[in-house]
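To start, the structure under review is shown below, and the notes come after it.
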DNA sequence: TGGCGAGCTTAGAATCATTCTTAGCTTGAC
DNA sequence: GTCAAGCTAAGAATGATTCTAAGCTCGCCA
């Protein structure tokens, strides 16, 4: 069986099943990882916190501990199934859209909304100091609502 | 005595003394606020956490509680003497440069470095949804070092 | 199919940054 | 100098996240 190991295989297989995603990421498809993957990836692009995913899982009848939700979110982030978005100190959001894009952040409600990559354009960028490597560019447009 | 009440008076008076800054912000110049203002503003542009400012103050022989450091940082942020920078969930940085600019964030060391406003250029921006108001645009360039 | 070890999950304790609470101290106005 | 409003402090409380240790599960192999 072929293994797809490139960093952004996901963009090539956006409709892979939860099971395939786990296999491709090299994670054992346990009951809780499968259930969380389904909640995350079978509902379109999502921005979610660990707490929220935890209660969503419980509401769906999936018994999973909060610690496992945290572990899983971090494993998914490391394997590029998810991206972590930092917009508020003290709360971590995880984004199921791992392609390059930016966000609106609604400060009062705490909601995130994607800005499509082509709606924002950075035409000039400084080079990284010391020839270090740029690992990402985050753009957040804060909305006072 | 004239009072300068515009939002960014600071950019007009970059060398105001700590005492003047507090007065202009409408904050009573107490011993601890003065000491913290001096540490913050008399050492060029800085990016600092509450913990770090607290220990810096203590090392300088200033007796101030951590709670007061937090209070003061927030009051300074509200009065636009400081700007809060969010780059890592779980830690808040405060920036003495309140003018529009972006940051390099060195993920391994946790250090921040200013990117001058003219070194980055956003040539296209989506309009805010629902005619809501954009309260800020944050650009962080993450460096893998 | 059964056994087994690595990897996973769990509950609860622990940690970390931050905020709250409450009582006592300062500051500036008069 | 007096006093009220505003400020500060210590420690308790909170909320998010991570750690710990003990017990399960998965899938490989005989």
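Residue numbers (the working numbering), protein chains in the order written: chain W, 15 to 159; chain F, 15 to 159. Ideal placement from N, C-alpha and C gives every residue a C-beta, glycine not left out. Remember, it's a predicted structure, so these values are computed and weren't measured experimentally.
{"Asked": "Work out the CA separation of residue 108 of chain W and residue 102 of chain W for me, nearest whole Å.", "Found": "12 Å"}
{"Asked": "Counting only beta-carbon separations shorter than 8 Å, does residue 86 of chain W have a partner in chain F?", "Found": "no"}
{"Asked": "Can you list, in chain order, the residues of the stretch 76 to 105 of chain F whose Cβ is nearer than 7 Å to any Cβ on chain W?", "Found": "100, 101, 102, 103, 104 and 105"}
{"Asked": "One question on the structure: do residue 147 of chain W and residue 157 of chain F come within less than 8 Å of each other, judged by their Cβ atoms?", "Found": "yes"}
{"Asked": "Per DSSP, residue 150 of chain W forms a beta bridge with which residues?", "Found": "F:156"}
{"Asked": "Start and end of the alpha helix (DSSP H) containing residue 69 of chain W?", "Found": "64 to 73"}
{"Asked": "DSSP beta-bridge partners for residue 115 of chain W?", "Found": "DSSP lists no partner for residue 115 of chain W."}
{"Asked": "Residue 53 of chain W versus chain F: which residues are under 9 Å apart at the beta carbon?", "Found": "Simply none; closest approach about 21 Å."}
{"Asked": "Measuring alpha carbon to alpha carbon, tell me which of F:122, F:70, F:145 and F:50 ends up nearest residue 95 of chain F.", "Found": "F:50"}
{"Asked": "Note down, in chain order, each residue of its chain lying with its Cβ closer than 7 Å to the Cβ of residue 89 of chain F, except the 5 sequence neighbours on either side.", "Found": "41"}
{"Asked": "Considering only their Cβ atoms, is the gap separating residue 48 of chain F from residue 36 of chain F smaller than 8 Å?", "Found": "yes"}
{"Asked": "What did DSSP end up calling residue 133 of chain W once you bin it into helix, strand or coil?", "Found": "helix"}
{"Asked": "When we look at the beta-carbon of residue 141 of chain F and count the other beta-carbons within 10 Å, is it buried (16 or more) or exposed?", "Found": "exposed"}
{"Asked": "Count the other CB atoms, across all protein chains shown, that sit within 10 Å of the CB of residue 150 of chain W; report buried if there are 16 or more and exposed otherwise.", "Found": "exposed"}
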